[in-house]
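Engineer:
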Amino acid sequence: MGRSRGEKIFGVFNAVFILALSAIAIYPFLYVVSASLSSPLAVSSGKVWFWPVDLELGAYKQVVNYPGIWMAYGNTIFYAVVGTLVSVVFTVFAAYALSKKRLRGAGILTMLIAFTMWFQPGMIPTYLNFRDLHLLDTRTALIFGFCVTPFYLFIMRTYFASIPESLEESAKLDGATDFQVLWNIYLPLSIPCIITIILYYLVDRWNSYFWAMTLLKDEKKIPLQVILNKLIVQANWAGETGNTDIIEYNVQTLVYSTIVVAILPMLCAYPALQKYFIKGLTVGAIKG
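With positions in the sequence shown counted from 1, the corresponding number in this note's numbering is that position plus 683.
1) How would you write the range of the alpha helix (DSSP H) that N867 sits in, first residue to last?
2) Would you mind giving the Cβ-Cβ distance between A789 and L795, rounded to the nearest angstrom? I have them listed as a contact below 8 Å.
3) In three-state terms, what does DSSP make of W732?
4) Rounded to whole angstroms, what is the Cα-Cα separation between R785 and I791?
5) Is the segment 856-864 in contact with the segment 759-775, if contact means three or more CB pairs nearer than 8 Å?
6) Throw me the rounded Cβ distance for the L836 and A778 pair, which I believe falls under 8 Å.
7) Compute the distance between the beta-carbons of R888 and T799, then report whether it is under 9 Å.
8) How long is the line joining the alpha carbons of P750 and A844, rounded to whole angstroms?
9) Skipping 5 residues on each side, what residues in its chain have a beta carbon closer than 7 Å to that of Q935?
10) What would DSSP say about Q908, mapped onto helix, strand or coil?
11) CB-CB under 7 Å to E902, same chain, minus the five flanking residues each way: which ones, in chain order?
12) Suppose the cutoff is 7 Å on Cβ atoms and the five residues either side in sequence are ignored; what does the same chain contact list for N912 look like?
13) Within 10 angstroms of the Cβ of T823, are there 16 or more other Cβ atoms? Answer buried if so, exposed if not.
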């Protein structure tokens, strides 16, 4: 059947709107890549808009030779991988327990967890808590200190609650324990949602820098994002003080090239996990 005139107009409008929205989302990334490949003088004079100007790779050479950059990169990978693994394990176990009606006090526990989504203790009490637990300047603070995000926990719990209870009852009749039910039934059926949660946590862990900057003092433990933040501060300081020396403007191209290097793993992860991400997010949001 042919489309009506109204449907054709809506299709054109929808296509234009999506293209405009895509352009708005893609342009910042395009600008960062172009600026990282341009000369510092071209970037500082505002000549870079879409494509690189006076193409050169000097900024990437600076990234490779920047002091501590590879150790920080390794720390970021460690915090992202180990932290995501720990977060997913805790989230799965908590979500499985909260999805069971037989859990006594499940409603109260759910309310208390949801309470933390709207009311947080603040920066100073959180820092004092880490200090009193003797977790300052430790990797443990970053891995376990921010282990579970309530929003992701509720997505996982909703997904578990959508699985028919008859599957669990059949397994229990065969003598299966709760852990066996979780491992052999719930986890295989929840792969799309689990991958969605993994991607959420991975991005959060990869991009986080504030608490790493606040809690860690040892240069050998800081992640890449802390170094990137220092570079951005240096670039802003150079601009505010009016320092037009070319050495200072090298900081700008160094920041852009560091950003490109930092987001490459995420750019590789998203296309590979996109289909699971969409499916897990939609299915996990069916029931409230």
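All residues carry an ideal CB built from backbone N, CA and C; glycine is no exception.
Structural biologist: Result, derived from the coordinates:
1) First-last for N867: undefined, no H or E at that position.
2) Actually they do not touch by this definition, with Cβ atoms about 11 Å apart.
3) Looking at W732 - three-state DSSP - the assignment turns out to be coil, as it is neither helix nor strand.
4) The alpha-carbon atoms of R785 and I791 are separated by roughly 13 Å.
5) Put simply, the segment 856-864 does not touch the segment 759-775. Fewer than three CB pairs are less than 8 Å apart.
6) Sure, about 6 Å apart at Cβ, within 8 Å.
7) No. Outside cutoff.
8) Distance between the alpha carbons of P750 and A844: 49 Å.
9) In its chain, beyond the 5 residues on either side, P723, V726, S727 and A918 have a beta carbon closer than 7 Å to the beta carbon of Q935.
10) Helix.
11) The residues are G751.
12) Around N912, the same chain offers Y892 and M896 as residues with beta carbons nearer than 7 Å, after the five sequence neighbours per side are excluded.
13) T823 comes out exposed.
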